[in-house]
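I have placed the structure first, in the form of structure tokens, so that the comments after it can refer back to it.
Residue numbers (the numbering used here): -10 to 367.
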């Protein structure tokens, strides 16, 4: 806060200094121009050689005296006018040179920005405000560049991991199908078991391939919303039904509470992807024999949807990074919690495109993901 006040004070002082400097230069310039034109007028008046016509009416010596006086005064005026013009041109030259130096400084600073240089941009005191803005832009550019490089590195690593992970279930599927093909008289019970194992591995293979597609589409696919009237209650109930087989197998359950039917204007496919991801994460990271709660309620001009699970507390350092691209809470890449690390990052992007926000909170008992969306007509 103190830094901000100091910067504001410096900016005001610089503005006053620039203002009075400009006023002073304008006064000097106008004075010089005025003096020049006054002297020019006087010279023109002195150039009137009327005294030559009056030479007969005055004495010779008086005519010579008048000529000398006029010549002397005219010379003085010419010298003064010339000096005034020279001073004006010098001031003009210095001002142009001063402005040119500023342009060169700004040009050099811009080159540093576009070249991605990490060198600090140092400008003259009177350009301190611009210096602060340029260095802020420089810092953001460096930060974004490093983030992009880190994301690309993570992306390459994930592709390698996925290629390895895909190989395992694929080998298993091929192995079981080969046995089924080779052993024609295999007992029915054993055949059924092999088919079930091959099917489960096929599902896992499908998940891995979907992850691979998500990574391949990363940064190359712009999310475009196709909004329509959407009943949030119906969408969430459908998602719960889709996950019923999974939660039943894990002895878990999903409870949905809502005070009323809520309709918003949104992209149903994109929002469905958001809540699919949140519910799937809640199931994956919750303890056995626990409930996943989904609560929906209105608050002012927005609807809030909370997805709550009971599980391990997410540490503060991980909580701050949970919406980053390719970030995963579990780095072991188990089939239970495996993923590309893009789910929450994409979810956040979709929610923000709907002018909403998504936040997360975690304590020793539960983790809550809260999505807030505006309730408004098209």
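Glycine residues also receive a C-beta, built at the ideal position from the N, C-alpha and C atoms. What you are looking at is a predicted structure, and each value in this text was computed from that prediction instead of being measured.
message: For a test of the three-state rule: what should DSSP assign to residue 426, helix, strand or coil?
response: It is not possible to answer for residue 426, since the shown part of the chain is limited to -10 through 367.
message: Just to confirm the assignment, what range does the alpha helix (DSSP H) spanning residue 229 have?
response: 221 to 231
DSSP-derived helix/strand/coil call for residue 109: coil
query: On the three-state DSSP scale, how would you describe residue 282?
result: strand
message: Excluding the 5 residues flanking residue 49 on each side, which residues of the same chain have their C-beta closer than 8 Å to its C-beta?
response: Residue placement at residue 49 cannot be trusted, given a pLDDT of 46 that sits under 50; what the coordinates show is reported in the next sentence. Contacts found: none.
task: Return helix, strand or coil for residue 264, following the three-state DSSP convention.
output: helix
query: Do the CB positions of residue 310 and residue 279 come within less than 7 Å of each other?
result: no
query: Would you report the Cα separation of residue 227 and residue 244, rounded to the nearest angstrom?
result: 13 Å
field: Assigned exposure category for residue 92 - 16 Cβ within 10 Å defines buried
entry: exposed
message: Quick check: residue 339 and residue 263, are their CB atoms within less than 7 Å of each other?
response: yes
Counted within 10 angstroms of its Cβ, other Cβ atoms place residue 285 as buried (16 or more) or exposed: buried
- request: Kindly indicate which residue of 290, 276, 283, 239 has the alpha-carbon position closest to the one of residue 302.
  value: 276
query: Nearest to residue 345 by CA position, among 351, 357, 294, 356, is which residue?
result: 294
field: Cα-Cα separation between residue 239 and residue 229, rounded to whole angstroms
entry: 14 Å
message: Using a Cβ-Cβ cutoff of less than 7 Å, which residues in the same chain neighbour residue 159 once the five nearest sequence positions on both sides are dropped?
response: 194
- prompt: Where in the region 326 to 353 do unbroken runs of the alpha helix (DSSP H), each at least 4 residues long, occur, reported from the N-terminal end onward?
  reply: 332 to 342
Residue burial classification, residue 351 (beta-carbon count within 10 angstroms, cutoff 16): buried
query: Whose C-beta lies closer than 8 Å to the C-beta of residue 231 among residues of the same chain, with five residues either side of it excluded?
result: 265
query: Among all the DSSP beta bridges, which residues are the ones paired with residue 274?
result: Residue 274 pairs with nothing; no bridge assigned.
field: Opening and closing residue of the beta strand (DSSP E) in which residue 214 lies
entry: Where residue 214 is concerned, there is no enclosing beta strand (DSSP E), given that its DSSP letter is neither H nor E.
query: What is the residue span of the beta strand (DSSP E) that residue 359 lies within?
result: 356 to 363
- request: Kindly indicate which residue of 359, 138, 237, 236 has the alpha-carbon position closest to the one of residue 292.
  value: 359
query: Taking the Cβ atom as the reference point for each residue, do residue 169 and residue 183 lie within a distance shorter than 7 Å?
result: yes
task: Can you give me the Cβ contacts of residue 224 inside the same chain, cut-off strictly under 8 Å, excluding the 5 residues immediately before and after it?
output: 257, 260, 261, 264
field: Those residues which DSSP pairs with residue 291 across a bridge
entry: 288, 363
- request: Report the three-state DSSP secondary structure of residue 245 (helix, strand or coil).
  value: strand
Close Cβ partners of residue 222 (< 7 Å) along its chain, the five nearest in sequence each way excluded: 247, 250, 251
query: What separation, rounded to the nearest whole angstrom, lies between the Cα atoms of residue 145 and residue 235?
result: 31 Å
message: Just to check my reading of the structure: residue 163 and residue 198 have Cβ atoms closer than 8 Å, yes? What is that Cβ distance to the nearest angstrom?
response: Between residue 198 and residue 163 the Cβ distance is about 15 Å, and since that is not below 8 Å, they are no contact.
task: Grab me the residues of residue 60's own chain with a C-beta within less than 8 Å of its C-beta, minus the 5 sequence neighbours each way, in chain order.
output: With a pLDDT of 47 at residue 60, under the threshold of 50, the modelled position of that residue is not reliable, and no figure is offered here.
query: Where does the unbroken beta strand (DSSP E) through residue 253 begin, and where does it stop?
result: 252 to 255
task: Identify the continuous alpha helix (DSSP H) that holds residue 307 and give its terminal residues.
output: 305 to 308
query: Using the beta-carbon count (16 or more within 10 Å), is residue 152 buried or exposed?
result: exposed
query: Which of the three DSSP states, helix, strand or coil, is assigned to residue 311?
result: coil
Own chain residues within Cβ distance below 7 Å of residue 166, not counting five before or after: 187
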